[in-house]
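2 protein chains.
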Amino acid sequence: MAGKALPEPTLHRLPVYLQHLKRLSLRGIVVVSCSTLSRDLGLDSSQIRKDLEVTGTVGKPKVGFPVPALIGAIEHFLGWDKVKNAVLAGAEGLGPALLGLKEFAHYGLRIVGVFDADERLIGADLHGFEVRPLGFLPGIARSASARVGIITLPAHLAQSAADLMVSAGVRAIWNLAPIPVRVPAGVFVENRDFYFPLAALSCRLERQEVEAK
Amino acid sequence: MAGKALPEPTLHRLPVYLQHLKRLSLRGIVVVSCSTLSRDLGLDSSQIRKDLEVTGTVGKPKVGFPVPALIGAIEHFLGWDKVKNAVLAGAEGLGPALLGLKEFAHYGLRIVGVFDADERLIGADLHGFEVRPLGFLPGIARSASARVGIITLPAHLAQSAADLMVSAGVRAIWNLAPIPVRVPAGVFVENRDFYFPLAALSCRLERQEVEAK
DNA sequence: CCTGATTCAGGATATATTTCCCGATTAAGG
DNA sequence: CCTTAATCGGGAAATATATCCTGAATCAGG
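Chains G and S, in that order, give the protein sequences.
Plus 183 on top of the position in the first sequence (first one is 1) and you've got my numbering.
Plus 183 on top of the position in the second sequence (first one is 1) and you've got my numbering.
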């Protein structure tokens, strides 16, 4: 009954489908076929069908999938339909930018506290949040039952912030610091420097990648 | 003579190695073995060895790889050692945040112009750049021979910005808008909404992913 | 100089993911 | 009601990626 092997790449494509389906929905479209999605998004239609399969939504031959049901199913599958409390470590650089965009709610996250180690930042107001010392993180995270942590600190502070989070019961960490953090088994971590997608572009540009496959 | 099939995942891991090697280098370490890297980064050592192979660097049995040579080889392979001019479309949200971090230079990029469609933003100063109308993008991109474009605009403007970039000779686009853009063959595009890594975390958190494999 | 332990290099195997394919189902039109 | 064309569902084949394994090279120590 639990989901079978869930391919990583599928997980990364689901949000793409979700965004597009929401746009279709706004235009009043209520059913969509994999072939149409394939044309719109430039992905193989079989792949799309298999990806959508994990959400449990069934389509009708000759018609396609019901758009509203698909949107709901993907959001539910990703857990974006349930609010999860989160703590943010890092009040400089990317952190404030993320807060300012006020997009977290769309992804099921509610920030309950912002923390930093730099004394000059403590007490500052960041889009409505008061920046507090890192040492306060565990207490606040625990009392709010925060299960998600986001790290946008410089490299040398990332690991200790992760440790604090884990100690406070955080079970999933989105680490945007330019260094991987290690966590105990049972805690999920996405070590993903912001700029890495540039690698692919730059590299391909450099070597002109002859085959346009 | 040209590089063989270059696995995508390898491309994404190279920057991780690069960061770590730079840290090792700062600590005065001049050789490192794949087994050591494996312990540090939590990746399989065979995988690391195969990844590093694409850079052409050779290691010594019983010793490992020369750190400085490896750093240079990866930077060269990724094209981060050569400055490429780039245009930024989007003066709100992520765009300014990226500019403010002043990290682009590390990745071989020099921003030569910032553009937006919102009239209220035109003329504003953004970390030393004057925001100009999107219509000016092609001229400036062309005269600076910008080969890279970065899009941080809202969804409804992303495609037109991409088109402008392509028309001006941009050959690689890093699209951070929440919608994929389509480009002609021969142009590389990374459609990557900033928040997508959250999908993996949230989803796994939600379904508790039993197997800790 | 010889022995043992470590690591590279690269082929072989296993696993994961994508692509292909075909039978079954549905809607539209004659 | 029957035919046609589009699409789903899911298994099979192909491809891509990761892991395992072996032999050769190198260094340290006796």
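By construction, the Cβ of each residue, glycine as well, lies at the ideal position given by its N, Cα and C atoms.
Through-space distance from residue j to residue i, alpha-carbon basis
i: Glu-389/G; j: Leu-261/S; result: 7 Å
i: Lys-233/G; j: Gly-311/G; result: 42 Å
i: Leu-277/G; j: Thr-335/G; result: 6 Å
i: Ala-338/S; j: Ala-382/S; result: 19 Å
i: Val-237/G; j: Leu-189/G; result: 8 Å
i: Val-250/S; j: Leu-209/S; result: 10 Å
i: Leu-226/S; j: Ile-362/G; result: 14 Å
i: Asp-376/S; j: Ser-229/G; result: 23 Å
i: Ile-254/S; j: Leu-201/S; result: 6 Å
i: Ala-288/S; j: Ser-385/G; result: 13 Å
i: Leu-197/S; j: Thr-219/S; result: 16 Å
i: Gly-318/G; j: Ala-256/S; result: 40 Å
i: Pro-380/G; j: Ala-327/G; result: 34 Å
Collapsed DSSP secondary structure at residue i in the structure displayed
i: Val-314/S; result: strand
i: Gly-332/G; result: strand
i: Lys-265/G; result: coil
i: Cys-386/S; result: helix
i: Asp-308/G; result: strand
i: Phe-319/G; result: helix
i: Arg-196/S; result: helix
i: Val-173/S; result: Because chain S here runs from 184 to 396, residue 173/S falls outside it and cannot be looked at.
i: Arg-232/S; result: helix
i: Phe-287/S; result: helix
i: Glu-191/G; result: helix
i: Gly-225/G; result: coil
i: Ala-368/S; result: coil
i: Ala-327/S; result: coil
i: Ala-256/S; result: helix
For residue j and residue i, believed in contact at Cβ under 8 Å, the rounded distance
i: Val-349/S; j: Leu-292/S; result: Not quite, the Cβ-Cβ distance comes to about 18 Å (not below 8 Å), so this is no contact.
i: Asn-268/S; j: Ala-344/S; result: Going by Cβ atoms, the distance from Asn-268/S to Ala-344/S rounds to 17 Å, so no, they are not a contact pair.
i: Ala-351/G; j: Phe-371/G; result: About 15 Å separates the two Cβ atoms, so there is no contact after all.
i: Leu-309/G; j: Leu-284/G; result: About 13 Å; that fails the 8 Å criterion.
i: His-203/G; j: Asp-223/G; result: 6 Å
Beta-bridge partners of residue i, as assigned by DSSP
i: Phe-248/G; result: Val-215/G
i: Glu-373/S; result: Trp-357/S
i: Gly-296/S; result: Val-270/S
i: Lys-243/S; result: Gly-247/S
Residue-level contact to chain S via CB, residue i, 9 Å cutoff
i: Cys-386/G; result: yes
i: Ala-327/G; result: no
i: Met-184/G; result: Any reading at Met-184/G must be qualified, since the residue scores a pLDDT of 44, below 50, and its modelled position is unreliable; the value itself is stated next. Answer no: the Cβ-Cβ gap between Met-184/G and chain S never drops below 9 Å.
i: Lys-265/G; result: yes
i: Ile-362/G; result: yes
i: Pro-380/G; result: yes
i: Arg-375/G; result: yes
i: Gly-352/G; result: no
i: Leu-284/G; result: yes
i: Ala-300/G; result: no
i: Gly-225/G; result: yes
i: Gly-276/G; result: yes
i: Lys-233/G; result: no
i: Glu-191/G; result: yes
i: Arg-303/G; result: no
Min CB distance residue i to chain G below 9 Å
i: Gln-230/S; result: no
i: Ala-395/S; result: With a pLDDT of only 35 at Ala-395/S, under 50, the local geometry of the prediction cannot be trusted, and the value read off the model is given with reservation. True, the Cβ-Cβ gap to chain G drops below 9 Å.
i: Ile-254/S; result: no
i: Gln-202/S; result: yes
i: Leu-320/S; result: no
i: Ile-356/S; result: yes
i: Pro-279/S; result: yes
i: Glu-389/S; result: yes
i: Val-199/S; result: yes
i: His-310/S; result: no
i: Glu-313/S; result: no
i: Ala-338/S; result: yes
i: Ala-383/S; result: yes
i: Gly-291/S; result: yes
Any non-hydrogen atom of the ligand COA closer than 8 Å to residue i Cβ
i: Arg-354/S; result: Looking for the ligand COA in the displayed structure turns up nothing, as the structure carries no ligands at all.
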